Each structure stands twice: as structure tokens, then as C-alpha cells.
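Going by the working numbering, the first residue of the sequence shown is number 234, and it counts up by one from there.
Here a beta-carbon is modelled for each residue, glycine too, at the ideal position from N, C-alpha and C.
Please read these numbers as outputs of a predicted model, since none were measured by experiment.
All remarks here apply to the structure that follows.
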Amino acid sequence: MDDPEVLDAAARRLSELGWVVLRLDAGRWTREADLYDGFAGIFGLPDGYGRSGLDALADALSDVAEFTFGGADPASTGTAVLIRHHDVLDTFRPGLAHAVLDAFAREARLAALYGHPMLCLVESPEPFADVGAAPVLEAHTPH
Numbered sequence: 234m235d236d237p238e239v240l241d242a243a244a245r246r247l248s249e250l251g252w253v254v255l256r257l258d259a260g261r262w263t264r265e266a267d268l269y270d271g272f273a274g275i276f277g278l279p280d281g282y283g284r285s286g287l288d289a290l291a292d293a294l295s296d297v298a299e300f301t302f303g304g305a306d307p308a309s310t311g312t313a314v315l316i317r318h319h320d321v322l323d324t325f326r327p328g329l330a331h332a333v334l335d336a337f338a339r340e341a342r343l344a345a346l347y348g349h350p351m352l353c354l355v356e357s358p359e360p361f362a363d364v365g366a367a368p369v370l371e372a373h374t375p376h
């Protein structure tokens, strides 16, 4: 989705439905490490945890799926991560934006087994290839 207003509307609606909504703005990031620090910050991860690359981020997402971290509340409907300017990640390393979504999709499947729905909504002008072997759906403004 490339419309910040649509992303904001989705965040409001998810919140109304009982979701924990966590936000990141990649437009402020200047290096790949900012990505990992951003996720660590919204998930309340201990110092150093989840910050050493995609595998570490996937481990952290697994712990969020299990309600160990992330401000995740088992009584909530689920956890949604909203990322503005997601395409910026590819300026740090080609393919990074897609790899992050792929890792999130894998861990969201695990989360579903724990009864913890997890969504990742991103703002990006660029279309994405399949993520986690499933097509990426684009949001549209309701008519």
C-alpha cells in the first residue's frame, strides 16, 4: 500500500477490533541496523536480542508469536506491525524489504498455531513478489 491514510485507517480499525498495533517508520532509518533496533524497540526485546540479522529477527518474531515479547496480550485479537516507507530497506541491501516480510510471514504462521494472529502492513510504492509462498495483497481505499 502506498497511501499513508489507508495505512492509518487500517491501524485505527485494527485497534478498534482489539489488535495490538505497533508502528515503525523506516523513512528515518539510515542503516540496516536501524531495522533491527526498530523491531527490538517496539517488541521490548532485551539488549542485543534480535539485532544481529534476519535470523535473529526471525527468532525474536518467534518469541513474539509465543507471547514472550512484543507487548502481545493473549487477550488481544492479535498483533499488527505497520511499517511506513518499507521500500527504504532495499537501499541498505537489495532484497532486504522482501526478506523481512518473508520472515514475518513464516513466524505469523507459527503464531497462528498459538492462537496469536500476526499481521505486517507496509507502506511502499513498490509491488512485492509472493511472501511466504503467498501473494501479497494490496489495500485500496474503500468506495
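### Query
Between which two residues does the alpha helix (DSSP H) carrying Ala338 extend?
Within the sequence shown, residue 338 is the residue found at index 105, counting from 1. Its alpha helix (DSSP H) spans residues Leu329 to Leu346.
### Query
In whole angstroms, what separates the C-alpha of Glu299 from that of Thr263?
To locate residue 299, count along the sequence shown from 1; it is residue 66. To locate residue 263, count along the sequence shown from 1; it is residue 30. Glu299 and Thr263 have their C-alpha atoms roughly 31 angstroms apart.
### Message
List, from N- to C-terminal side, the beta strand (DSSP E) runs of 3 residues or more that fit wholly inside the region 269-332.
### Response
311-317
### Query
How would you call Asp280, buried or exposed, if buried means at least 16 neighbouring beta carbons within 10 angstroms?
Numbered from its first residue, the sequence shown carries residue 280 at position 47. Flag for Asp280 reads exposed.
### Query
Using the C-alpha atoms, what's the distance from Gly271 back to Asp292?
In the sequence shown, residue 292 corresponds to position 59, counting from 1. In the sequence shown, residue 271 corresponds to position 38, counting from 1. Using only the alpha carbons, I get a separation of about 15 angstroms.
### Query
What three-state label does DSSP hand Val254 in the structure shown?
Start at 1 with the first residue of the sequence shown, and residue 254 comes out as number 21. In the structure shown, Val254 sits in a strand (DSSP, three-state: E or B).
### Message
Given this structure, state the Cα-to-Cα distance separating Arg339 from Leu352, to the nearest angstrom.
### Response
Position 106 of the sequence shown, counted from the first residue, corresponds to residue 339. Position 119 of the sequence shown, counted from the first residue, corresponds to residue 352. Computed Cα separation, rounded: 11 angstroms.
### DSSP state of Leu370 mapped onto helix, strand, coil
To locate residue 370, count along the sequence shown from 1; it is residue 137. Reduced to three states, the DSSP call for Leu370 is coil.
### Task
Would you check whether the ligand MG has a heavy atom nearer than 8 angstroms to the C-beta of Leu354?
Absent from the structure shown: the ligand MG. Ligands present: none.
### Task
Following the continuous beta strand (DSSP E) through Val239, name the residue where it begins and the one where it ends.
Here the question's residue 239 lines up with position 6 in the sequence shown. No beta strand (DSSP E) holds Val239; the alpha helix (DSSP H) holding it covers Pro237 to Glu249.
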